[in-house]
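The opening residue of the sequence shown carries number 201 in our numbering; numbering runs sequentially from there.
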Amino acid sequence: MPKLYRDFDTQAQIDAQYNPSIALPDPAAPGKHFAAQAEKARSTLKHYAGIPFGPTVHETLDIFPADVPNAPVFVFIHGGYWRAFQSKDFHGVALGLHASGITTVVVNYALAPFVTIDEITRQCRAAVAWTLRNIQNYGGDPTRVGVGGHSAGGHLGAMCLQTAWDTDYSLPRDPLKAGLLFSGLYELEPLRYSYLQPMIQLDDGVIRRQSPTPNLRACPTPTWVIWGGQESGEFARQSTGYRDAAVALGNPVELSAIDGADHFTVIHGLEDTHSPVCRWLHQKLTA
Numbered sequence: 201m202p203k204l205y206r207d208f209d210t211q212a213q214i215d216a217q218y219n220p221s222i223a224l225p226d227p228a229a230p231g232k233h234f235a236a237q238a239e240k241a242r243s244t245l246k247h248y249a250g251i252p253f254g255p256t257v258h259e260t261l262d263i264f265p266a267d268v269p270n271a272p273v274f275v276f277i278h279g280g281y282w283r284a285f286q287s288k289d290f291h292g293v294a295l296g297l298h299a300s301g302i303t304t305v306v307v308n309y310a311l312a313p314f315v316t317i318d319e320i321t322r323q324c325r326a327a328v329a330w331t332l333r334n335i336q337n338y339g340g341d342p343t344r345v346g347v348g349g350h351s352a353g354g355h356l357g358a359m360c361l362q363t364a365w366d367t368d369y370s371l372p373r374d375p376l377k378a379g380l381l382f383s384g385l386y387e388l389e390p391l392r393y394s395y396l397q398p399m400i401q402l403d404d405g406v407i408r409r410q411s412p413t414p415n416l417r418a419c420p421t422p423t424w425v426i427w428g429g430q431e432s433g434e435f436a437r438q439s440t441g442y443r444d445a446a447v448a449l450g451n452p453v454e455l456s457a458i459d460g461a462d463h464f465t466v467i468h469g470l471e472d473t474h475s476p477v478c479r480w481l482h483q484k485l486t487a
């Protein structure tokens with residue numbers, strides 16, 4: 201009997217790999233943590249919320265300016281498998297970045313199934329383009345902008361890194377100084393056979409266009425690909441496959457599994473200025 205996907209026979213087997221809440225003792229704990237940290241960021245840091253970057257009501261971003269002028273900038277794209285959450289749910293990522301002297305831009309985008317993943321990618325690219333063109337009005341340095349995200353946001357960050365910025369946006373070909381991708385989805389095909397399919401509605405065209413690994417281009421932007429050491433084998437394979445394909449093109453891509461981290465705690469480092477991810481990002485954006 202043919203396999204459903206790779207070595208998987210059933211949807212249940214694929215769901216076990218790609219539903220990161222299954223193994224959690226308390227599935228509500230990550231949401232509680234992110235909500236508390238987001239509220240802490242909003243109550244303690246200067247910020248601008250709901251700034252439009254596109255024509256629809258969902259195309260907004262939130263800016264947490266650094267206290268230093270002409271600051272480096274990190275554009276963060278949230279996860280939720282393209283069909284859940286908003287930018288405000290992840291404001292906590294600004295805590296460690298602000299303390300590191302980095303301005304944080306948190307992107308909001310429309311969600312599936314109301315829009316396709318093609319459209320979500322377009323919106324995130326538009327948010328990055330807006331940042332490159334406008335962040336100086338909020339104390340940021342447009343020549344020192346990085347991009348990244350978590351889970352589906354890792355996928356969207358990867359799609360931003362391989363954007364044709366020169367031909368599509370009349371920007372420099374490689375305007376980004378760093379990429380930081382957490383637990384991303386870089387090959388979309390297995391999700392077609394998962395519990396997510398009714399919401400994200402993958403077809404051959406979306407899978408072909410929106411899978412970062414087979415669509416990688418040569419890109420000099422230093423990038424760190426990260427996943428949690430407690431995550432499933434498929435998240436490890438996705439990250440490793442992306443890194444291997446990038447390195448084969450000569451791209452400067454690092455790879456790490458964070459010991460003891462699961463799919464949700466893997467981004468906690470963005471909340472701590474002393475964490476390896478904050479130190480790495482600061483170094484790349486200020487080099």
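Every residue gets a Cβ at the ideal spot worked out from N, C-alpha and C, and that includes glycine. This structure is a prediction, so every number in the text was calculated from the model and none was measured.
Inset, instruction - Pick out whichever of 467, 272, 474, 238 has its Cα sitting closest to the Cα of residue 291. - result: Stepping through the sequence shown from its first residue, residue 291 is reached at position 91. When only C-alpha atoms are compared, the closest one is 238.
Legend entry - First and last residue of the uninterrupted alpha helix (DSSP H) at residue 230: Here residue 230 refers to the residue found at position 30 when the sequence shown is read from its first residue. Membership of residue 230 in the alpha helix (DSSP H) is indicated by the continuous run 229-244.
Legend entry - Three-state class that DSSP yields for residue 424 in the structure shown: For the purposes of this step, residue 424 is taken as residue 224 along the sequence shown, with counting starting at 1. Note: residue 424 maps to strand in three-state DSSP.
Inset, instruction - With distances taken Cα to Cα, identify the nearest neighbour of residue 251 among 330, 448, 420. - result: As a working note, residue 251 is residue 51 in the sequence shown. For residue 251, the closest C-alpha among the options 330, 448, 420 is that of 330.
Inset, instruction - Whole angstroms is fine: what's the gap from residue 376's alpha carbon to residue 482's? - result: Along the sequence shown, read from residue 1 onward, the residue named residue 376 stands at position 176. Along the sequence shown, read from residue 1 onward, the residue named residue 482 stands at position 282. Roughly 14 Å between the two C-alpha positions.
Legend entry - For residue 285 and residue 227, the rounded distance between their alpha carbons: Here residue 227 is taken as the residue at index 27 of the sequence shown, counted from 1. Here residue 285 is taken as the residue at index 85 of the sequence shown, counted from 1. Approximately 15 Å, taken between the alpha carbons.
Inset, instruction - Check residue 493 in the structure and name its three-state DSSP category. - result: Here the chain covers residues 201 to 487 and nothing more, so residue 493 does not appear.
Inset, instruction - Leaving out five residues on either side along the sequence, give the residues of the same chain with a beta carbon under 7 Å from the beta carbon of residue 419. - result: Position 219 of the sequence shown, counted from the first residue, corresponds to residue 419. The answer, listed in chain order, is 361, 362, 374, 451.
Inset, instruction - Indicate the three-state DSSP secondary structure (helix, strand or coil) for residue 281 in the structure shown. - result: What you label residue 281 is simply residue 81 of the sequence shown in a count that begins at 1. If DSSP states are grouped into helix, strand and coil, residue 281 belongs with coil.
Inset, instruction - Tell me where the beta strand (DSSP E) around residue 355 begins and ends. - result: Start at 1 with the first residue of the sequence shown, and residue 355 comes out as number 155. For residue 355, no beta strand (DSSP E) segment is defined; the enclosing uninterrupted segment is the alpha helix (DSSP H) at 352-361.
Inset, instruction - Pick out whichever of 325, 388, 379, 350 has its Cα sitting closest to the Cα of residue 186. - result: The question about residue 186 has no answer here: the residues shown for the chain are numbered 201 through 487.
Legend entry - Buried versus exposed call for residue 229 [16 or more other C-beta atoms within 10 Å across all chains shown]: If you number the sequence shown from 1, residue 229 lands on position 29. Burial call: exposed.
Legend entry - Beta-carbon contacts of residue 208 that lie in its chain and below 7 Å, excluding the five residues immediately before and after: Within the sequence shown, residue 208 is the residue found at index 8, counting from 1. Hits under 7 Å: 214.
Legend entry - Sequence-distant residues of the same chain with beta carbon closer than 8 Å to residue 466, five excluded per side: The residue you call residue 466 lines up with position 266 of the sequence shown. Counting only Cβ-Cβ distances below 8 Å, and skipping sequence neighbours, we find 350, 382, 383, 426, 427, 428, 431, 458.
Inset, instruction - Name the residue from 390, 440, 417 whose alpha carbon lies nearest to the alpha carbon of residue 219. - result: On the sequence shown, residue 219 is found 19 positions in, with the first residue counted as 1. Proximity to residue 219 across 390, 440, 417 peaks at 390, based on C-alpha coordinates.
Inset, instruction - Going by DSSP, name the residue or residues bridged to residue 454. - result: For the purposes of this step, residue 454 is identified with residue 254 of the sequence shown, where counting begins at 1. Per the DSSP secondary-structure output, residue 454 pairs in a beta bridge with 424.
Legend entry - Reduced DSSP secondary structure (H/G/I, E/B, other) of residue 487: Sequence index remark: in the sequence shown, residue 487 carries index 287 (1-based). The three-state reading of DSSP puts residue 487 in coil, since its state is none of H, G, I, E or B.
Legend entry - Span of the alpha helix (DSSP H), counted from its first residue to its last, around residue 405: In the sequence shown, the residue the question calls residue 405 occupies position 205. For residue 405, the uninterrupted alpha helix (DSSP H) run begins and ends at 404-410, by DSSP.
Legend entry - Any 3 or more C-beta pairs closer than 8 Å across the stretch 266-285 and the stretch 338-353: Verdict: yes, contact present.
Legend entry - Distance, residue 308 Cα to residue 314 Cα: Here residue 314 is taken as the residue at index 114 of the sequence shown, counted from 1. Here residue 308 is taken as the residue at index 108 of the sequence shown, counted from 1. Those two C-alpha atoms are separated by around 14 Å.
Legend entry - Opposing strand residues paired with residue 304 [DSSP bridges]: Against the sequence shown, residue 304 aligns to sequence position 104. Per DSSP, 264, 274.
Inset, instruction - Measure from the C-beta of residue 206 to each C-beta in chain B and report whether the shortest distance is under 9 Å. - result: Reference to chain B is not applicable here, since this structure consists of a single protein chain.
Inset, instruction - Measure the Cβ-Cβ separation of residue 484 and residue 422 and say whether it is below 9 Å. - result: Translated into the one-based positions of the sequence shown, residue 484 becomes position 284. Translated into the one-based positions of the sequence shown, residue 422 becomes position 222. A contact, by the Cβ cut-off of 9 Å.
Inset, instruction - Measure how close the beta-carbons of residue 380 and residue 438 come, nearest whole angstrom, since I'm counting them as under 8 Å. - result: On the sequence shown, residue 380 is found 180 positions in, with the first residue counted as 1. On the sequence shown, residue 438 is found 238 positions in, with the first residue counted as 1. Contact flag wrong, Cβ pair sits at about 16 Å.
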